[in-house]
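Chemist: Numbered according to UniProt numbering, the sequence shown spans residues 1 to 224. Structure below; questions to follow.
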Amino acid sequence: MRRAASSRVAEASKQRPERLVRTQERRLRPRCEVRRPTARNSPFFYCFFPGTQEGIPEATQDAAAAKQTKLSVIPYFLYVLSDPNKFQTGRLEPGFRLSSLNSSSVDLLNENWAYGRNQQSRRYLAKMIQHFPSSGILNQEGHLISWMLMDLFGTQAHGYTLPSFCGKGYLAITAKALCMQAYNAGYSVYGFVALKNNHMQRLLEKGGYQKVSELSYLCFHDTT
């Protein structure tokens, strides 16, 4: 059985995440609570339930009512890839190359993230780049044009390609490179996709991912 990355940020870059046993059929417990931003001056608090338990939204609503906090529950599809070697992608153009991300990439990611453009999101992304696997594509000038990270839940996240480079299959190449890092290290390969993100759903299904029938939920508790 393969391993999935833990939900806790490692304290040092060489420290491995805790092991978390996972199979496609198993239903996981809710993971830890993490602070993330909704807007530049509006921090909020969320719980991510990367499992498929029934009744999660209702239980979270009860918790929010007890805390007297506002709640938003967003359903996601869970996609699992058993063997990323079968993930078919195109080839990079001459002069383009794959690379992992570093601290110099943080501002670009923060600017292009829907929940970014503030100091809290910047610190969050910096931690992800520092402690977890990442993959990106550099163009002929050495500029980052496409990227994907593994987040603290062990999922593929923050996949993005700059608009001027879209439509060339770069995100699929980036995704496979990240998949291979996780797979070769002995971890499961999986990710969450918004219900309306049809483009990403088609990309993953074309790459051999299987969609788990039950939904997973991202639950936001607004503390403002």
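Note that beta-carbon positions come from the ideal geometry of N, C-alpha and C, so glycine has one too.
Does the count of Cβ pairs from the segment 179 to 190 and the segment 131 to 150 closer than 8 Å reach three?
Modeler: yes
Chemist: Hey, L171 and S146 are a contact pair by Cβ (cut 8 Å); roughly how many whole angstroms apart?
Modeler: 6 Å
Chemist: Using the three-state DSSP reduction, which class does S121 fall into: helix, strand or coil?
Modeler: helix
Chemist: Who are the Cβ neighbours of G167 in its own chain at under 7 Å, not counting the five residues just before and after it?
Modeler: none
Chemist: Under the rule that 16 or more other beta-carbon atoms within 10 Å means buried, what is N85, buried or exposed?
Modeler: exposed
Chemist: Count the C-beta pairs between the segment 77 to 96 and the segment 105 to 123 that are closer than 8 Å, then say yes if the count reaches three, no if not.
Modeler: no
Chemist: Tell me W147's beta-bridge partners as DSSP assigns them.
Modeler: G136, Y160
Chemist: Buried or exposed for L195, please, with buried defined as at least 16 other CB atoms from any protein chain shown within 10 angstroms of its CB.
Modeler: exposed
Chemist: Measure the alpha-carbon distance for K206 versus G169 and round it to whole angstroms.
Modeler: 12 Å
Chemist: Quick check on the burial criterion: 16 or more other C-beta atoms within 10 angstroms. Buried or exposed for K67?
Modeler: exposed
Chemist: Excluding the 5 residues flanking A157 on each side, which residues of the same chain have their C-beta closer than 6 Å to its C-beta?
Modeler: L149, D151
Chemist: DSSP three-state label for E205, please.
Modeler: Residue state, collapsed to three classes: helix.
Chemist: How far does the alpha helix (DSSP H) with K176 in it reach, from first residue to last?
Modeler: 170 to 184
Chemist: Kindly indicate which three-state DSSP category residue 230 falls into: helix, strand or coil?
Modeler: Summary: the structure shown does not reach residue 230, with the chain confined to residues 1 through 224, and so no result is reported for it.
Chemist: Under three-state DSSP, which class holds Q210?
Modeler: strand
Chemist: What is the DSSP secondary structure of K70, reduced to helix, strand or coil?
Modeler: Under the three-state reduction of DSSP, K70 is assigned to strand.
Chemist: Which whole-angstrom value is the C-beta distance of L138 and R97, which I expect to be below 8 Å?
Modeler: 5 Å
Chemist: Using the Cβ count rule (16 or more neighbours within 10 Å means buried), how would you classify A177?
Modeler: buried
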